[in-house]
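What follows is a single structure, written as C-alpha cells, with notes after it.
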Amino acid sequence: MEEKQNEIATKEDIQLLDSIYKQNRDKDSIMIYLQKIQSEMGYVPQYAIEYLAGKTKTSESHMFGVITFYSQFSTKPVGKNIIKICNGTACHVGGSKVLGKKLKAMLHVDDENPTTEDRLFTVQPVACLGCCALAPAMMVNDKVYGTLTLEKMKDIIDFYKKEAENGDI
Amino acid sequence: MGITIKINNEEYDFEIGETILEVARRNGIYIPTLCNLEGTKPTGACRICIVELGKMSAPVASCSTPAAPGMDIQTESPRIRKARKTIIELMMISGNHNCSAIGNSKANLTDFMQEVIEYDGSGSICTAYGECELQSLAYKYMVNNRTLERIPTNYPLENIDPLIGRDFSRCILCGRCVQACTEVSVINAISHGYRGNVAKIVARGDKPLPDSECVYCGECLQVCPVGALYEKRSKYDQRVWDVTREKSTCYYCGIGCRIVVSTKNNKIIKIDGSDEGEPNRGQLCFKGRFGYDFLYNDKRLTKPMIRSGGKLKEASWEEAYNIIIDKIREISGKYGSESIGCVVSPKYSNEDLFMLKKFIEKVSGKTNIGHSEPYSKFKIEYSQIGEYEKIVLIGTDIARDNPVAANYIKQANLKGSEIIEINRKKTDLSKYAEIKLKDLSEFKPDSKINYLVIYSPEYDISSLEGKSNISLNSINSENNTAGAYMVGIANENFEDMKKKKMVFSVSSIPSNEFNTEFLVVIDQFGVESFENADLILPPSVWVENEGTYVNSQHKIYRMKKIVEPPGDTKSLRAIFGELLNLSGSGIKKSTPKYIWDEMIRKDLNLSDDIAYSKLKKGPVQIVDGFFKKISLKSSGSKNDRFRTHKLLCNHCEGLSVIAEKRINPGE
C-alpha cells in the first residue's frame, strides 16, 4: 500500500510544497498548485501528489488524471532544456517527422524516456507551436527555432550543450 | 398543461431540469445508453444516447441535455441510427471484442483470436458475452464494420488482484466505474488517466488496484457494461444461460442489503446488489459481494464430529444426538439443569433461533441462552440520510462495520450535508468530517437544526435522548440481531455463560475460551478454533435454508433456499426439532412455515398480517411497541462484535487479506 516511487521527499521538498500551498491557497485550484510545482520542481513527484491530495481533499487518482491529461505536467523529472518539436500540418509537410526521429536518435531518447541521461534535454512532441510560417519549427524553452534543417538542429543542440558546460544556465 | 417537448412526434410534459433522456425514460421511450449511471451526474462520454433536435442542428447527447420547451426530438431517425452505428464500430475496433470478430470483414479471425489468446491467456469468448450492453447494441444497430482497421490495445491485462480483474482491451472508457467509485461508494480510488488514444482508467498513479485506495466494494464490477471489469473467481464461468439468478439478502450486517445471487450447478458464483430499492439501492460492500465462498471452503464440516480417544472423529447424526441426550441427563443430574447454557451468534433465521431457544428452555428449565449483540434500531430509510443537514457519527467506524450505510453518508456529504464525528480514534470517514470531536460532552446541538445521529451501540447516548430534533439510530453488526431479540433471545453476559457445565456454542467463539465439562459447537468450520470441543455439529446456513429474518430497521423479510446444503449438514431448526422430539416434546413439523405461523406467531401474538405466505410479497415493518415486551439490555461486549464476519471472510478465497485490514476487530 505504502509503496512509493523511488524518490523520497526531503525536508526542503516539504517546505517548498508548504510554501506553494500557502501562497496559492486563496485560488483554490489544483491546477494552480500543480503548475507551480511543475515550474519549481521541474516535475510533479509522487510525494507532491500525496501531499496535495491530503491538503485539497482531492483523490490521488483524480490528481493523477489531471496531471496526465495536460502535457504541461510531467510525473518524471524533466531535463533542463525542454525541446518541443512541432508536429503541426505545416511542419509535418516540411519533414518534422524525420527531424524528430533524428533529434531523438541524436540525444538517445525515445517516447518512453524522453529525457537524456544527463538530464539536459527533454523532447516533447507538440501538436502546433503556432508559427507555421517558420515550418518546420521547434521550441527550446521559450525560444522558437524555425526553418529547421538537420545541420541547424545539430548546431542548436551543441549551443545548449556548450552553454551547460560553461554553466550559463 | 405544463411545458412540453415533442419526442417522436408526441407531446410530453416535463419539469425544468429534467434531461431529454429522463423525459423519454419516464414515458417508456427507448434511448440506448452506455455511460449513463442512474443516481450520478451525467458525463455524456459515450455519445450513444444522441438524439436529433432538427435537421439543422447537430445531434445532442440526451443524457446531459436538459429538456426545453418546444424541442422536437427524434430518437431513431436514419441519421441517428447511422451515427450510433459508427459510434459502436469505433468502440468495437479497439480491443478484444471477440464476440464480434465475424462482423468485421477485414479481420482475419485466426490472427485476431491469436492476439486475444496472447493478451488474455484464454481464447474464450469475452466473459460478458450475452450480458454485454455493447454487444446487444451492436446487434441492435447491425454493426458490421467493413472499413475501419483494428486498433491494438495499449495496456496489458491486470490479473494481479485476487478478486477484481481488469481487462483494458475490453474497456470502452465509458467511465461508469469511475462514477460508481466517486459518486456511489465515494472511495475515489479510480479516475480517468492520460488522454486521447492512450486514455485509461487509472488507480492511484496508474498502479494496480491492490496498491490503491480501493476497498473492494466491487461497485465498479457491477456497473461495467462490458467485460472490462469482472469477478476473477468466476471469469468465463458466468454465461447468462448457465446461471440461475435469485434474489436474497446479504449474510453479513444488520442493514440486510438485497442481493442477486447467481448460481451454477448448485454453487454460488457471483453476488450483485439488487436494485429493487431499499435498503441498498444496488450497492454492496466487499463482504456482501465477495464474502460468499466460505460455503465452499475445504475446512467446512459436512458431518458431525465426536471426540473419542482425545481426537475429533466423524460420526452420524444419530450418534451425536444420543451423546447429547445422555450428557444432558448426566450433567443436569450432577449439577442441576440450569448448568446448561447456550451462546449464539444471531446469524440464523428466526425459525432456527426459535427452535434453539425452545430446546435450551426445555433442557435447562430457563432461558439460558444469549447473544452478545446490543439492541439497535435504524429508524429511517437509508436513502433519507441525505435529507439531514447534519449527520453525527458517535463512536462508530461505520465505513468498516456497515459500509453501505457509509456510502449513503458520503453521498449526502457530497450533496452538502455536514458530518460531525465524535470519536477518539481516526476512522475511514474522518476525512469527510467537517467537525471532529473527542467526546460527546463537547457536542452542543442547536435546537433549531435536525440532526441525524448514528451511534455505536456500546456508546452511552442517554444525554441526547428525548430531543425531538435528534434522530438516534444504530445498526446491528449481525444480520438477524433484531430477530433474535424478537424470538426472545437477549443480550447476555458471555463470561458467565462460558463457565456453565454444558454449553451449546452456536457462535464463532474459539473453544479455548470456554470452561465447560461438555462443549457442543455448532459451526460450519472446523476443527482449528474448536479443538477443545467435545462435539461439533455442522449446520447449513444462509441461502442453504429458507427462513425469515429481521434487519436493523425492524423489517421482517423472508428468504428463499437457493442452493442445496452440502453433505450431511442440517439446518438449526431441523437439528433442534429432532433433539426436542428425542427429549420428549412433540414437535409436529420443523418447516419454516410451520414454525413461523404455528409456533413463533402464536407465542408472540403476532397478527395475520405477517403470515408466512404474506411475507413473500416483500419485507414488512414490525411495530416498535412489540420489542418493548422483551427486556433489552444493551451491554454488548465490543470484542465479540464482527468476530463472525472476520471468521467467515477469512474462509473466503482471496478475501482474507482484505478482511484482515477492513473488518474492525473492535479494539
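Chains A and B supply the protein sequences, listed in that same order. The number in the working numbering is simply the position in the first sequence, starting from 1, with 151 added. The number in the working numbering is simply the position in the second sequence, starting from 1, with 125 added. For each residue, glycine too, the CB sits at the ideal point set by N, CA and C.
In this structure, DSSP gives K332(B) an extended state, which the three-state scheme calls strand. The C-alpha of K459(B) lies about 10 Å from the C-alpha of K452(B). Where E191(A) is concerned, the enclosing alpha helix (DSSP H) starts and stops at 181-192. Where E455(B) is concerned, the enclosing alpha helix (DSSP H) starts and stops at 442-460.
Taking 9 Å as the upper bound on Cβ-Cβ separation, chain B lies near residues K208, T209, S210, E211, S212, H213, M214, F215, G216, V217, I218, T219, F220, Y221, S222, T226 of the region 206-240 of chain A. Within the region 251-286 of chain A, the complete beta strand (DSSP E) runs of at least 3 residues fall at 272-277.
Here the region 464-475 of chain B makes no contact with the region 580-591 of chain B; the two share fewer than three CB pairs at distances below 8 Å. Distances from the CA of T492(B) to each of V612(B), D236(B), R358(B) were compared; the closest alpha carbon is that of V612(B). Of the candidates L167(A), I165(A), S210(A), Q275(A), the residue whose Cα lies closest to the Cα of G318(B) is S210(A).
For A609(B), no Cβ of chain A is located within less than 8 Å of the residue's own Cβ. Counting of Cβ neighbours within 10 angstroms places M181(B) among the exposed residues, the total staying below 16. About 5 Å separates the beta carbons of C378(B) and N527(B), which is inside the 8 Å limit, making them a contact pair.
Each of D306(A), I200(A), K178(A) was checked against the Cα of L168(A), and the nearest Cα belongs to I200(A). Among the CB atoms of chain A, none fall inside 8 Å of the CB of S202(B). For R275(B), the three-state secondary structure derived from DSSP is coil.
Contact of S781(B) with chain A by beta-carbon distance below 7 Å is absent, the smallest such distance being about 16 Å.
With fewer than 16 other CB atoms across the displayed protein chains lying within 10 angstroms of its CB, D564(B) is exposed.
Counting along the chain, T211(B) sits inside the alpha helix (DSSP H) bounded by residues 203-218.
Here the alpha carbon of G255(B) sits roughly 44 Å from the alpha carbon of I661(B). Going by DSSP, N775(B) is part of the alpha helix (DSSP H) stretching over 768-775.
Runs of the beta strand (DSSP E) lying entirely within the region 355-380 of chain B and spanning at least 3 residues, in chain order: 369-374.
When DSSP reads this structure, P664(B) sits in a beta bridge with K695(B).
Residue pairing by DSSP puts K680(B) in a beta bridge opposite Q746(B). Within the region 246-327 of chain B, the runs of alpha helix (DSSP H) that reach at least 4 residues and sit entirely inside it are, in chain order, 258-265, 301-304. Within the same chain, Cβ atoms closer than 8 Å to the Cβ of K550(B) are found at D522, the five residues on either side in sequence being excluded. Proximity of the region 147-160 of chain B to the region 282-292 of chain A falls short of the contact definition, fewer than three beta-carbon pairs being nearer than 8 Å. Collapsing the DSSP output to three states places R414(B) in a helix. Using a Cβ-Cβ cut-off of 8 Å, I200(A) counts as an interface residue toward chain B, since at least one Cβ of chain B sits closer than that to its own. V675(B) sits away from N391(B), with the two beta carbons spaced by 8 Å or more. For E486(B), the uninterrupted alpha helix (DSSP H) segment begins and ends at 475-489. Check the Cα spacing between Q260(B) and each of I212(B), E567(B), E177(B): the tightest is with I212(B). Burial is judged here by how many other beta carbons sit within 10 angstroms of a residue's own beta carbon; N221(B) has at least 16 and is buried.
Taking a beta-carbon distance threshold of 8 Å, R320(B) counts as an interface residue toward chain A.
Taken in chain order, the unbroken stretches of beta strand (DSSP E) that lie wholly in the region 594-641 of chain B and span 3 residues or more are 595-598, 627-631. Residue pairing from DSSP places S433(B) in a beta bridge opposite K436(B). DSSP, read as helix, strand or coil, puts K592(B) in coil.
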